[in-house]
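Just so you know, the sequences run in chain order D and B.
The UniProt record's numbering puts the first sequence at residues 1 to 538.
The UniProt record's numbering puts the second sequence at residues 1 to 538.
Here the structure is laid out as structure tokens; the discussion comes afterwards.
2 protein chains.
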Amino acid sequence: MVVGDVIDGNARRCPDRVAWTFQGTPWTWSTANERVNRLADSLLSFGLAHEDRVAFLSHNSHRLAEVYFALAKAGLIAVPINAKSVSREIAFILQDVEARALLVSKEFVPRLGPIESDLKRLRCVIGLDEGHGLPVDYEDLLSSASPSPPSSAVHEDSIRAIKYTSGTTGFPKGSISTHKQFLFNITNYLLHLPFTPEDRCLLALPMPAGVGAQLLAAYAYRACQTFILEKFDPAQVLDAIERERITRIYLVPTMIAALVNEMISRPRDLSSVRLMGYGGSPAPMALIRKAMEVLGCPFYQSFGASETGGFICYFTPEDHQHKLGSGCEPADFRGKQVTPCGREAQGFHIRIVNSEGNPLRAGEVGEMVVRGDSLMSGYWRRPQETREVLRDGWLFTGDMAKIDAEGYIHIVDRKRDMIISGGLNVYSAEVESVIQEHPAVSEVAVVGVPDPYWGEAVRAFVVRKKGETCSAEELLRFCADNLASYKRPQSIVFLEALPKTSSGKVLKVQLRSENWGEKLSPDAPHDLSLNPPAGGSL
Amino acid sequence: MVVGDVIDGNARRCPDRVAWTFQGTPWTWSTANERVNRLADSLLSFGLAHEDRVAFLSHNSHRLAEVYFALAKAGLIAVPINAKSVSREIAFILQDVEARALLVSKEFVPRLGPIESDLKRLRCVIGLDEGHGLPVDYEDLLSSASPSPPSSAVHEDSIRAIKYTSGTTGFPKGSISTHKQFLFNITNYLLHLPFTPEDRCLLALPMPAGVGAQLLAAYAYRACQTFILEKFDPAQVLDAIERERITRIYLVPTMIAALVNEMISRPRDLSSVRLMGYGGSPAPMALIRKAMEVLGCPFYQSFGASETGGFICYFTPEDHQHKLGSGCEPADFRGKQVTPCGREAQGFHIRIVNSEGNPLRAGEVGEMVVRGDSLMSGYWRRPQETREVLRDGWLFTGDMAKIDAEGYIHIVDRKRDMIISGGLNVYSAEVESVIQEHPAVSEVAVVGVPDPYWGEAVRAFVVRKKGETCSAEELLRFCADNLASYKRPQSIVFLEALPKTSSGKVLKVQLRSENWGEKLSPDAPHDLSLNPPAGGSL
């Protein structure tokens, strides 16, 4: 089975039911599938061949949903680019993946200006929406293409997508996922948290980030109707839930926090919601308890990473009820400020191992490793980095965790130097390498600090060169030119020197003002104002 | 992923929860898994190698459940033998599949007497339960074996099972299914008719027949508790549902009929049943409506065959409610005596084709063909028969069907000469070849006739040799020595000559007194006494 079979099947079985609705316009499975076929035909007619890479840069739309299915049907590889990426990052990905085509919506066209020379290597740059100003237009292509299914060599082991994550070594790297790996994860998700064809799903997560594409495909797999929001906006989400009688939605914890605030300021009828899922970053326990109280719907948490190909463990609705519900003392999770990320899902094997890779016992802290059929095949053209994380079929996640006696997995630290802010991964090394380029900077260390809204906030500790007086504002401006917004430090602290080990390694543990997870004292004050920092956007 | 991962995962995640209960004794996942490991180790210690065939002959028990998982873990191929098989049939399968080992429960040991020479080729014959009288005992083996997981070369494309079906050419043939094909079907089933780990499942279908093994594995996949019944008995089933608060059960229509009778004679509390599934043979609409009324639980029907690797379409609980429910006129199914078998499931592609293999339009009758990842790889060492049914990835089912405008699939006839009686397939050719061996018989033709209890009953039309007066009783005795009970004719009709075409082909259509499906007049009287024929057993 390949991903295109999902939409083909729906077009056959329920042609007149609505596949998705965007900005008030519904698209049936029959129409959506025909448009998908047309796009696939257009792309192939540019001379693209099996497993050629096609990048795209767009907020959510019905067209973006079509792009995912069209690439899958044509046997082309989807390379989503995070909407927050700056020109320099876009150019890096296009080069690294050797993209042959790019689809872009008008909001992002200005970012292409500085990288015009990189675009020359592409077979085509396609403007997605009205007013993009590019020579090739999406709807024009569709109108002149064939509505028949494309002939393609796609099979279950074809690469479906290469997803770029922030890089541990300062450069983003692309994790490779095949049709089979992707479908394994989707069906596994569907049987753990079942959907019915009557479900009405709200897709407010950006499709190119995190599990957005998985959600789109999972909803389609059960032929549910999906309401697509262009961007996350808490008021729009609550309005849509009330208006469309939404039954299922999935968000990152920061978005849940925004919903709680919005609901408090203007309550809506959320009684249609059967299940609200969240994941993608550590979830403060106080936030989830507050959300259960204020939003009043059943919740589940799922946990995974790009490299795991999706969810590998679940903190179920029953877990929420029995462990976090009202009147429920979180005895088992005493002293913890974040929820556990759940228990191992069927189909996966999670172990906690020591630095030699040997399994540890329940309660002992070590690196979380996982086996399962959805794991990425590796990083695109990075055999060395692939070997570091994929060993004998086990993926080394870089998360330091322990499994308690009941099987709940608690993440207590991160081995690799990574921050998860608003559900997006930020590697310290990448941020450090940009700041290090500033002429006034002598040394820099970037860490994540707990943040009730973002989960973690990026903080840079900077030692200036002797005599330099450069301000935090100046450094932040410098970062803004070179880093996607979510990677930029939210605060900069100047130090005389960085704390170091005797061998000269920076002691990041000392730099973290506090550590989320169990190292935090249970009595420590924890501010849950749930207010986004000024200017913060998701 | 391979099948053994399912039980390994449960033993890791919920070691102390009950996996299955048999005759009042519960076995936890931890204990069950250890016993499975021990059996796998024992079998391998007899010198069995990857993909060696291991046959077994037993009613349901906790040990039979262990056998399935142990063979899967050891990389050995399960060859279930239908409990109704006679010695001649058992010998044929052991030879055809080149079995290396046999597991047998005591009830079946007498059937091994006549085929002792065939057993000499086996590495071992293992007695499953107390008092079997064989030299090698199951529990003895387990107690001396290693509880650690066996080291095996099993992978997703390893063959998991070879299931023998009645043969179109007079001999049974074995359909080959891999771990991957089997797991695709199970997870597909689970996401269409979801289970939760809190479900309490009753396994009353014989595991070696039909979808028994699929059900066992599906229940295990979601870590549900399974209550195993040795054999189907309507009173025991209803007692177990009431006593154990069963939530899920799957049966063949004939068993549903028996439950209806039993419930009428002694009502039980079936309020715990969340979903009752059925399939395996045509389901009379009157029976299902009566069952909905008398048993009062939600029903679904699923349809598939050994060759499809399990279910490929579903007639859902909502379909039952909207199409067959009380106060609901079966307008769409007017003139039909059997329910449609449902609509195509996600992950499969079903087509109705003409004799040239070209797709027909909605409403037109042709052969049902299907694509999907659970289809068998082929028939064991029968390339010719495999080529006949598997062409370009499409399985030709031999069922003549049409798909209506709403997508419901109605089976109207069977292309191959097969009868489905009590959920078991009987090929006319196999029965005819046995009867033909009787010295008094000149010609014979075997057809299925509608039967309110069995779905279809086997009827033989016999032309005796000139001067021969052999009775129906004598022919039935002859069949009893050579055919499993479900394959034996339930009636014999003597004729002076068989109706034939001008080219001499027997006109079976004339022999069928009436035909189930739409050729039947809607006004035809249809007796739904639901009484099993005297001496009938499932």
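Every residue, glycine too, gets a C-beta built ideally from N, C-alpha and C.
In whole angstroms, give me the CA-to-CA distance for residue i and residue j.
{"i": "V441/D", "j": "E496/D", "result": "12 Å"}
{"i": "F184/D", "j": "S177/D", "result": "11 Å"}
{"i": "G75/B", "j": "E51/B", "result": "6 Å"}
{"i": "L17/D", "j": "F22/B", "result": "For the record, residue 17/D in the displayed sequence is Arg; it is not Leu. If you take the alpha carbons of R17/D and F22/B, they lie about 46 Å apart."}
{"i": "L64/D", "j": "A240/D", "result": "20 Å"}
{"i": "M207/B", "j": "I7/D", "result": "35 Å"}
{"i": "L112/B", "j": "P135/B", "result": "14 Å"}
{"i": "D137/B", "j": "A40/B", "result": "14 Å"}
{"i": "G517/B", "j": "V211/B", "result": "Because G517/B carries a pLDDT of 35, less than 50, the predicted location of this residue cannot be relied on, and the following value inherits that uncertainty. Rounded to the nearest angstrom, the two C-alpha atoms are 24 Å apart."}
{"i": "A345/D", "j": "A401/D", "result": "16 Å"}
{"i": "P26/D", "j": "F315/B", "result": "28 Å"}
{"i": "G319/D", "j": "R200/B", "result": "Checking the sequence, you will find Asp at residue 319/D rather than Gly. Answer to the nearest angstrom: the Cα atoms are 20 Å apart."}
{"i": "M1/B", "j": "V369/D", "result": "17 Å"}
{"i": "S428/D", "j": "V447/D", "result": "6 Å"}
{"i": "V294/B", "j": "T308/D", "result": "48 Å"}
{"i": "C297/B", "j": "L191/D", "result": "22 Å"}
{"i": "I93/D", "j": "R121/D", "result": "13 Å"}
{"i": "V493/D", "j": "T196/B", "result": "50 Å"}
In chain order, what residues of the same chain lie with their CB nearer than 6 Å to the CB of residue i, ignoring the 5 residues before and after it?
{"i": "Q490/D", "result": "A457 and V458"}
{"i": "D129/D", "result": "S105 and K106"}
{"i": "N515/D", "result": "At N515/D, the pLDDT of 41 sits below 50, so the modelled position is not reliable; the number obtained from the coordinates is stated separately. Hits under 6 Å: none found."}
{"i": "I126/D", "result": "L103, V136 and Y138"}
{"i": "residue 539/D", "result": "The shown model of chain D, from 1 to 538, leaves out residue 539/D, and the question about it has no answer."}
{"i": "K415/B", "result": "E367, G398 and M400"}
By DSSP's criteria, residue i is part of a beta bridge. Which residues make up the other side?
{"i": "I403/D", "result": "I409/D"}
{"i": "R200/B", "result": "Q225/B"}
{"i": "V371/B", "result": "A quick correction: the sequence has Arg, not Val, at residue 371/B. BP columns for R371/B point to H349/B."}
{"i": "N425/D", "result": "I420/D"}
{"i": "S302/D", "result": "Y314/D"}
{"i": "I246/B", "result": "In the DSSP output, where bridge partners are listed per residue, I246/B has none listed."}
{"i": "R459/B", "result": "V447/B and S491/B"}
{"i": "P80/B", "result": "F56/B"}
{"i": "Y164/D", "result": "G174/D"}
{"i": "C124/B", "result": "A101/B"}
{"i": "G342/B", "result": "I409/B"}
{"i": "F22/B", "result": "T25/B and I228/B"}
Could you check what DSSP says for residue i in three-state terms: helix, strand or coil?
{"i": "E474/B", "result": "helix"}
{"i": "D451/B", "result": "strand"}
{"i": "A256/D", "result": "Here the sequence assigns Ile to residue 256/D, which means Ala is not the residue at that position. It is helical."}
{"i": "L520/B", "result": "Here the model assigns L520/B a pLDDT of 30, short of 50, so the residue's position is not dependable and the matter cannot be decided."}
{"i": "M276/D", "result": "strand"}
{"i": "W380/D", "result": "coil"}
{"i": "T187/D", "result": "helix"}
{"i": "S271/D", "result": "coil"}
{"i": "residue 548/B", "result": "Because chain B spans 1 through 538 in this model, residue 548/B falls outside it and cannot be assessed."}
{"i": "S442/D", "result": "strand"}
To which residues of the same chain is residue i closer than 7 Å at the C-beta, ignoring the five residues directly before and after it?
{"i": "L44/B", "result": "A74 and P150"}
{"i": "A480/B", "result": "R488"}
{"i": "L498/B", "result": "E443, A445, F461, V463 and V506"}
{"i": "L275/D", "result": "L193, R248, P298, Y300 and P317"}
{"i": "A283/B", "result": "P253, Q301, V338 and T339"}
{"i": "N403/D", "result": "For clarity, residue 403/D is Ile in the given sequence; the question names Asn instead. So the list reads I352, A362 and I409, once near-sequence residues are dropped."}
Can you find the residues in the same chain that come closer than 8 Å, C-beta to C-beta, to residue i, ignoring five residues on each side of it along the sequence?
{"i": "N531/D", "result": "Any answer about N531/D is weak, because its pLDDT of 47 lies below 50 and its placement is not dependable; what the coordinates show is given next. Result list for N531/D: N261 and Y453, in chain order."}
{"i": "A72/D", "result": "V2, V3, G4, A78, V154, R160 and H179"}
So the candidates are the options; which of them puts its Cα closest to the Cα of residue i?
{"i": "E430/B", "options": "G24/B, H59/B, F171/B and L119/B", "result": "F171/B"}
{"i": "V36/D", "options": "R53/D, E98/D, F56/D and A145/D", "result": "A145/D"}
{"i": "V412/D", "options": "W380/D, S377/D, G378/D and P450/D", "result": "P450/D"}
{"i": "L259/D", "options": "W29/D, V365/D, A204/D and A78/D", "result": "A204/D"}
{"i": "A484/D", "options": "Q214/D, G347/D, F108/D and E116/D", "result": "F108/D"}
{"i": "Y219/D", "options": "S433/D, N10/D and A472/D", "result": "N10/D"}
So that I know if they touch, is there some Cβ in chain C lying closer than 9 Å to that of residue i?
{"i": "P489/D", "result": "Considering every chain present, this structure includes no chain C. Its protein chains are D and B."}
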